[in-house]
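Student: Position 547 of the sequence shown, counted from 1, bears residue number 546 in numbering that gives the first Met the number 0, the numbering being contiguous throughout.
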Amino acid sequence: MKNVNQSLKTYLFIIFAMLALIMPEHMFRCFVGPGVFTEEYVTTASYFFSIGWVAFFVVLCGFVLPRTIGKIVFLVITICFSVFSLAECVYYKIFEQFFWLKSIGMAGEGAEYFGYAAKLIEPWMMFILVATVMFMLAALLTWQAPKLNKKYRALLLAVTVVILLVTHGCMQPELHGDAADEWDVWRKPRIVYKNFNDVNKSLEISGIYQFSYLNLYTSLFPQGHNLSKDDRYMADEYFTLKGEPAKNRYSGLLKGKNVIAVMMESIDTWMIDQETTPTLHKMMKNGISFTNYNAPFFGIGFTFSSEFAFNTGFFTPVTASSASNFSKNTFPYSLARLFKEAGYETNSFHFNSPEFYNRGIMHKSFGYEKYHAAAEFGIVGVEAELDSNLIKNDDLYQKMTEKTPFFNFFITYSAHLPYQGESEKLDIAKEYRPDLINEEEDVEKNNAKILAADTDEFFRILLERLETDGLLDDTVIVAYTDHFAYGVSSEEKLKKWKGDTRSYCVPAFIYSPSLKAKKVAKPMMTIDWAPTIVNLFDLSKEARYLGTDVLDSKAEGLVYFETGAWLDENMHYIPTEKTDDNEDLIYIQKQTQRVKKNIQINDMVVLGDYYKNK
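(1) Does DSSP classify Tyr559 as helix, strand or coil?
(2) Quick one, which of Lys118, Val57, Gly469, Arg189 has its alpha-carbon nearest Glu421's?
(3) Let me know if Val549 comes out buried or exposed under the rule of 16 or more other beta-carbons within 10 Å of its beta-carbon.
(4) Since Val261 sits in a beta bridge, which residues does DSSP pair it with?
(5) Thinking just about the alpha-carbon of each residue, which of Tyr232, Gly206, Phe56, Gln143 is nearest to the one in Met603?
(6) Could you compute how far the alpha carbon of Ser552 sits from the alpha carbon of Ile378?
(7) How many Å lie between Gln171 and Gly34 at the Cα?
(8) Can you list, in chain order, the stretches of the alpha helix (DSSP H) that have 4 or more residues and sit fully within the segment 63-96?
(9) Starting from His175 and walking both ways along the alpha helix (DSSP H), at which residues does that stretch end?
(10) To the nearest whole angstrom, what separates the beta carbons of Phe12 and Thr217, a pair I think is in contact under 8 Å?
(11) Apart from the five residues on each side of it in sequence, which residues of its chain come closer than 6 Å, Cβ to Cβ, to Phe348?
(12) Mind listing, in chain order, the continuous beta strand (DSSP E) runs of no fewer than 3 residues lying wholly within the segment 487-571?
(13) Can you check which of these residues, Tyr10, Leu416, Val258, is closest to Phe113 by C-alpha distance?
(14) Can you tell me whether Cys88 is buried or exposed, with buried defined as 16 or more other CB within 10 angstroms of its CB?
(15) What residue range is occupied by the uninterrupted alpha helix (DSSP H) comprising Asn214?
(16) Check for me: the beta strand (DSSP E) holding Lys369 runs from which residue to which?
(17) CA-CA distance, Arg336 and Thr547?
(18) Between Asn445 and the rest of its own chain, which residues show a CB-CB distance below 6 Å, the 5 nearest in sequence each way excluded?
(19) Please classify Tyr151: is it buried, with 16 or more other beta-carbons within 10 angstroms of its beta-carbon, or exposed?
(20) Helix or strand or just coil, what does DSSP make of Phe458?
(21) Pull up the DSSP beta-bridge partners for Tyr292, would you.
(22) Are the Cβ atoms of Leu74 and Leu174 separated by less than 8 Å?
(23) Can the beta-carbon of Val475 be found closer than 8 Å to that of Lys246?
(24) I'd like the list of long-range same chain contacts for Leu128, defined as Cβ closer than 7 Å, with 5 residues on each side in sequence excluded.
(25) Reducing DSSP to helix, strand and coil, say where Ser227 ends up.
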């Protein structure tokens, strides 16, 4: 009994340490629930991964490293993964997907919204965090330095490494054979694990620890950044087969007119009405309104992802660390560059600094003369966060319109979250529009609409100034929303306010006094803007994109997402739904293959800088 008691005292810390380290995985498992995959081995493998990593960390910290260093390393690992697991759960509640490790590098850009995110932490998450801290402290207080020789220490470490390697190997498709049909590889857990490009499914299969290891490895040793001869041939063949864009009745309709493209931050469908946003309502009613416009999310950063796609005609690759890292790429067919070649003055405007999202450099790469921040015109502090203040500024407006023809890209900001709690921007917006304060309406909804009203005021003042200067008849407003209003605290609220509309479906329109009112119900996505605008303004016939000119009545509308889901004029396909018995299985296979090919070509063009040597 004396020996047993001594052993317990010596090794008790192991039990507490393992419990502390398994808690982050437990939090994630509780949040995910059954998950997407029904195969039993998926859950088994993920637990083997996590148990293997927990054993590895305990052996490393408790038996291999010196006592003090081991305790410090254990403390850091436990805290980091606890925070990481909590952040993943909260992030999913906002965006309906988890995030890659590379997104952490951009966390500082959203630091001011941590308060909003903190409100999404549920009590059971806090309970698990508290349990983790208790187990962690118990482990540190009972920590011993077992007297084992180097041989046994090395053996223990080797055994845990072998467990990890065997588990990893068992998940490899090579051991079981690849999928017979590639169209639905998303349903093959081992293929998903091998490809490691679907963050939600990859995390479910791997668990917190193995996911972090694979994510770190693929970030440090990225694959596919250089185009092989076969890749280049495939891309050449794709664009050759696609051929020169077809002419239609909208070809050259707006040639030579000035353009102000506006990416509207967080302006959602339920914010548009005659009372709150009368100018937007009027322009959508009297212009070309795209009622089925969708803003898919690819890569990292919702806003800049949409910004990149609009300007280049390509999505940010899912495997990329950020769209802002492609400043050295060649973009011969970016909209700003094409307008510049046509003799336009090209500039971009936003309230934030040039360093944010690396915009100062990225917009140069897109072909803009310069990215102009609000501070350049003396607009600073919270005042700069309200769109109406920017367009009232004479110097900024003068810069936009001093030379014609012009192509300006303007990014609004007023409607950005938060929609509840303390916000100086919201307080000022309420001062501007006290008539919109409605205490009987849901607080978040009312606040969001008041913020949207300021973006509407931006458009009202812009149209007024253009008309006063005699520029309105020769100017076209192209406006689209970057993403749905994800700042709303619950998915249930958002669904209720949007009605039957999908969350990614957001406002988009083209307005000019010379245009006839038209509603386009064809499915449209962000990369469709480039070919549509190129045709309207009769720009380069050499331009090649993945998207479609949605004003071409013969062109098929297609929207797809990084998850493999897609939407066309016939159906909305979500790959997490069972399709074995679907009577449209052949059609689904064909469209899914098409989407897969488009995403593959997209990544070749952007990651491989396809146009560099063209």
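Even for Gly, the Cβ is constructed at its ideal location relative to N, Cα and C.
On a predicted model such as this, the values are computed, not experimentally measured, just so you know.
Tutor: In terms of the structure at hand:
(1) strand
(2) Ranking Lys118, Val57, Gly469, Arg189 by CA distance to the CA of Glu421 puts Lys118 first.
(3) buried
(4) Paired residues: Phe409, Ala478.
(5) Tyr232
(6) 44 Å
(7) 20 Å
(8) 66-94
(9) Note, His175: premise wrong, no alpha helix (DSSP H); not H, not E.
(10) The beta-carbon distance between Phe12 and Thr217, rounded to whole angstroms, is 34 Å. This is too long to meet the 8 Å contact definition.
(11) His371, Phe409
(12) The qualifying runs are 507-510, 517-519, 557-559, 565-567.
(13) Leu416
(14) buried
(15) Asn214 -> alpha helix (DSSP H) spans 198-219.
(16) 369-372
(17) Arg336 and Thr547: Cα-Cα distance of roughly 19 Å.
(18) Result list for Asn445: Asn437, in chain order.
(19) With fewer than 16 other Cβ atoms within 10 Å, it is exposed.
(20) helix
(21) Met523
(22) no
(23) no
(24) Ser81, Leu85
(25) It is coil, neither helix nor strand.
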